[in-house]
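In our numbering, the protein residues as written are 18 to 292.
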């Protein structure tokens, strides 16, 4: 990590979290030297990361939280993580959406960020099992009125998860009867061996239905999702057409991912961005 006193709190915390995960732990005095900030600032950053459940504070520093494969953080806990990366990914993924297409957005904080970039794309039909995503489009319509070309939103029914997704038999049946051009899918974890995974068994089945109903599958996931494995796998990497991620994805992971699917890194040049 380079020293920079002008880093935003969010950027500092992302750097600290990456360091904790990479090294298996950090000390406060190391972070103060590397970031060029006071130990009080570092301790506040560690407090914030601990509240989000991603690090555990120990005497003199912090270590990563070892999560069980069944652990499912809530929407609010996840919404504070990797904000810049998610925004970059959302902006890049939005460029892949053609006016007039039928798309699906799964639950998740990255798809929620993506939804904000899609409210002005004309004549979309949006299928989603995310209460939060549906609210983005409905709020936009309430603010601007029923304008011509506003998105038609189809919200599936189902049982609400901690991440505010609707899952279960009702959601599965609704999705199975639909067909959409592109699915934008947020994930809990992604790896070469386990593919796409989630800690929620019911959500895994609903995600399988989403994948089956889509002509093309685009995963939107920041680099911290690589190597994470949840309880239940619901798709292999070969079932995914495109992964949109951020520049923090390591080179080795990029090479491994590119063996299976098209990789788009937000902020980096890419030859063909048309779906």
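Each residue gets a CB set at the ideal place from its N, CA and C atoms; glycine is no exception. These figures come from a predicted structure and were not determined experimentally.
Which same chain residues, not among the five before or five after residue 127, have their C-beta less than 8 Å away from its C-beta?
103, 106, 107, 203, 237, 238, 239
Answer with buried or exposed for residue 26, where buried requires no fewer than 16 other C-beta atoms within 10 angstroms of its C-beta.
exposed
Can you tell me which of the three DSSP states residue 50 falls into?
helix
Could you name the residues of the same chain whose beta carbon sits closer than 6 Å to that of residue 208, not counting the 5 residues immediately before and after it, in chain order?
244, 246
Residue range of the alpha helix (DSSP H) that includes residue 349:
Any answer about residue 349 is impossible in this case: the structure gives the chain only from 18 up to 292.
Relative to the C-alpha of residue 185, which candidate in 164, 219, 232 has its C-alpha closest?
219
Check this for me: beta carbons of residue 43 and residue 79, under 9 Å apart or not?
yes
Label residue 205 either buried or exposed according to how many other C-beta atoms from any shown protein chain fall within 10 Å of its C-beta, with 16 as the threshold for buried.
buried
Less than 9 Å between the C-beta atoms of residue 233 and residue 263, yes or no?
no
How about the segment 182 to 200 and the segment 220 to 228: do they share at least three Cβ pairs that are nearer than 8 Å?
yes
Look at residue 144 and residue 101 and say whether their C-beta atoms are less than 9 Å apart.
no
With distances taken from CA atoms, which of 235, 241, 198 is nearest residue 281?
235
Between which two residues does the alpha helix (DSSP H) containing residue 250 stretch?
Residue 250 -> not in any alpha helix (DSSP H); beta strand (DSSP E) instead, spanning 249 to 252.
Which term fits residue 146, buried or exposed, when burial requires 16 or more other beta carbons within 10 angstroms of its beta carbon?
buried
Does the beta-carbon of residue 64 have 16 or more other beta-carbons within 10 angstroms, so that it is buried, or is it exposed?
exposed
Could you pull out every residue in the same chain whose Cβ sits closer than 7 Å to the Cβ of residue 278, ignoring the five residues on either side in sequence?
254, 257, 258, 259, 260
Can you tell me whether residue 132 is buried or exposed, with buried defined as 16 or more other CB within 10 angstroms of its CB?
buried
Inter-residue Cα distance where the pair is residue 48 and residue 81
15 Å
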